[in-house]
Amino acid sequence: MTSNSEMERLKRSLPEWVEESRGQAAFGAAASYIPELAKAPNDALGIVVLGRDGDSASAGDTDLAFTLQSISKVFTLILALIDRGEEAVFAKVGMEPSGDNFNSMLKLELVEPGIPFNPLINAGAIVVSSLISGNGPEEKKERILNYFRELTGNDRLGIHSGVYRSESETGHRNRSLAYFLKENGVLDGEVEDVLDVYFHHCAIEVNCAELARMALLIANDGRDPLTGTGILPRRFVQIAKTFMTTCGMYNASGEFAIRAGLPAKSGVSGGILAVVPGRYGIGLVGPALGRKGNSVAGVHLLERMSRAFDWSMF
Ligand code: GLU
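Heads up: the sequence shown begins at 2 in my numbering, then just goes up one per residue.
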């Protein structure tokens, strides 16, 4: 099947598949540990699949705006790698799946040398935020926002101030992780400044089409497929894609890699950025999260699509 006819089939099938997967939302619930996130419509489900030629298929609640949350970590990692290089970044963050919850402190004390296991768990992403260049938190936040504006092609991209405030006020666990990392000598700078930068990029607000565009850049090794312009260094995109495969879907990353077979990263807002390497960028949102913290309806839909089209990362 040529990819053109595949796109046509996607366009035809997605509306029905979205409605079927939407029912899965009943088995999950929107995150509530950041109080503002609990306001999301539980049974919403929207998806955009963007091809290299700019053609796209979409269905469901694609107008729903949502915050990037952990999805931002894939791209802040790339920015830190651009700013500091591989050696400096991986001196402070490991490369292994943790097997623990995304906000766990456990291994920071148990396993020497006390650096976070990987850049996609909260501890790792907080360290990554501290490595991004800029003079003080305001300059760093602006720089990161401009970077996401370039990645999404939306120069009006902003943050959801309610979610940002909600997390700043209630993020006690992230605060304790950050102070612990400071004590371990892993985190440089003022802890509250680093956390501010971290909460800020987690609260960047996007829609499915913008997420799909970010995903397509990853799928296309950092090049804009329409213009051929290199936006992100290929080597760092490969690193990010590998982390997405091994740790992108929390403690369901292995299962997702087997069942859907796609590099992906999800966030507690219910967003998922998924990549069909060399072919499509996928952005979806379904706020109801399952036991392991991923959008239940979203995972159901991606697994179905992957089976139907025989997608694979290999
Ligand atoms: N801002 C969220 C937190 O730190 C991100 C978590 C996530 O999406 O996994 O708890």
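Backbone N, C-alpha and C fix where the C-beta goes; we use that ideal spot for every residue, glycine too.
Limits of the unbroken beta strand (DSSP E) element including residue i
i	result
V300	Note, V300: premise wrong, no beta strand (DSSP E); alpha helix (DSSP H) at 297-310.
A275	272-277
Which listed residue (the options) has its alpha carbon closest to that of residue i
i	options	result
E139	P114, A89, V198, E184	V198
K93	K12, P117, L285, R236	P117
D44	R150, V297, F310	V297
L290	S6, L15, R23	R23
T68	R308, V269, D194	V269
R260	A210, V128, D311	D311
A89	K266, E184, D189	D189
R174	S105, A81, N221	S105
P234	D222, N147, K108	D222
A258	V128, A39, V49, E304	E304
S73	E193, N252, L121	L121
Q25	L38, L302, M306	L302
T246	G229, S162, S57, A220	A220
G135	A241, D84, G172	D84
G186	R13, G61, V128, C203	V128
P114	L158, E184, D56, E87	E184
A253	D101, D54, Q70, S33	D101
P98	L111, N119, I79	N119
L51	E7, A31, A27	E7
I205	E143, R224, K293	E143
L65	M96, W18, A81, H161	H161
I35	Y251, E193, G271, T171	T171
A126	P278, L15, A241, R280	A241
E9	N208, G287, A58, L158	A58
E193	S130, L82, I232	S130
R150	G279, W18, V207	V207
G55	F28, A309, I283	I283
R280	G272, R236, P264	P264
D62	V75, S167, I48	I48
P16	S167, S313, M306	M306
G163	A81, C248, K40	K40
Y251	L78, A60, L38, I273	I273
T230	T77, L158, V238, L218	L218
F28	K293, F315, T243	K293
G154	I232, G271, A309	I232
S177	A124, I79, L111, L80	A124
L227	T77, S33, R53	R53
S267	E37, E21, S71	S71
E20	M314, G299, R157, A216	G299
I79	T243, R308, S313, P288	T243
G249	A210, M96, L182	M96
Sheet register partners of residue i (DSSP bridge)
i	result
G47	G61, V286
A344	It is not possible to answer for residue 344, since the shown part of the chain is limited to 2 through 315.
S281	The residue you asked about is not Ser; residue 281 is Tyr in the sequence shown. Paired residues: G52, V277.
Run of the alpha helix (DSSP H) containing residue i, from where it starts to where it stops
i	result
K266	Where K266 is concerned, there is no enclosing alpha helix (DSSP H), although the beta strand (DSSP E) it sits in stretches over 265-267.
K142	137-153
N123	123-132
R157	From DSSP, R157 is part of no alpha helix (DSSP H); its letter is neither H nor E.
G255	254-260
E110	107-111
Q.
If we require 3 or more residues per run, which beta strand (DSSP E) segments fall completely within the stretch 52-98?
A. 57-61
Q) Using the beta carbon as the reference atom, which residues fall closer than 6 Å to any heavy atom of ligand 1, ordered along the chain? A) Q70, S71, F103, N104, N123, E168, N175, C203, G268, V269
Q. Which full runs of the beta strand (DSSP E) of 3+ residues lie inside the stretch 161-248, going along the chain?
A. none
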